[in-house]
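K.L.:
Position 43, counted from 1, in the sequence shown is what our numbering calls 141; the numbers after and before it change by one each time, with no gaps. In this text, a Cβ means the ideal position worked out from N, Cα and C, and glycines have one as well. Because the structure is a prediction, the values reported are computed rather than measured. Provided herewith is a single structure, encoded as structure tokens, for subsequent inquiry.
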Amino acid sequence: MNRSEISYTVNTLGYLKEKYPNNDLFFIIGEDSLNDFDKWYKPDKILEMCSLLVFPRKSLKSLTETIKAVKEKMNGRIFPISAPVFRISSTDIRNRVKNGQTVRYMLPENVRDYINKYHLYKENENDR
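Dropping the structure here:
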């Protein structure tokens, strides 16, 4: 978060691998992100460093199909998370905050307070 350059997931995982060399890493994403995972920066390297745990966005059946399709393109440990389907994504939350819309029932109060305190996801005054 404090880096001056773009911090890709693969860089963060590399840092964590160096800091915790004896630990297995798990990266949690939503099914919507898995659909575009092959377009991420160095997705094969990400899969070398961690296991992906994936939340369903539509259904567990569609997630299983998505995981199968991704595994056909690249090797890796990708597992579905058996959980209720929530149609809330981090992208939606970031966009709502950026546009001044409420996220009251989407996030715990302490998380909303942190986002507001540090002005996360809001446009920079210089960008307007």
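1) Using only alpha-carbon positions, find the residue among Arg185, Tyr106, Ser180 that is nearest to Lys137.
2) Could you give the distance in angstroms between the alpha-carbon of Glu170 and the alpha-carbon of Pro154?
3) Count the CB pairs spanning the region 175-187 and the region 206-222 that are closer than 8 Å, and state whether there are at least three.
4) State the start and end residues of the unbroken alpha helix (DSSP H) segment that holds Gly112.
5) Taking all protein chains shown into account, do 16 or more other C-beta atoms lie within 10 angstroms of the C-beta of Lys123, making it buried, or fewer, making it exposed?
6) Check whether the Cβ atoms of Leu218 and Val201 lie closer than 8 Å to each other.
7) Tell me the DSSP secondary structure of Val201 in three-state form.
8) When the Cα atoms are used, what is the spatial distance from Ser160 to Leu151?
P.N.:
On the basis of the coordinates in this document:
1) Tyr106
2) 19 Å
3) no
4) 107-117
5) Checking the sequence, you will find Leu at residue 123 rather than Lys. So Leu123 counts as exposed.
6) no
7) coil
8) 15 Å
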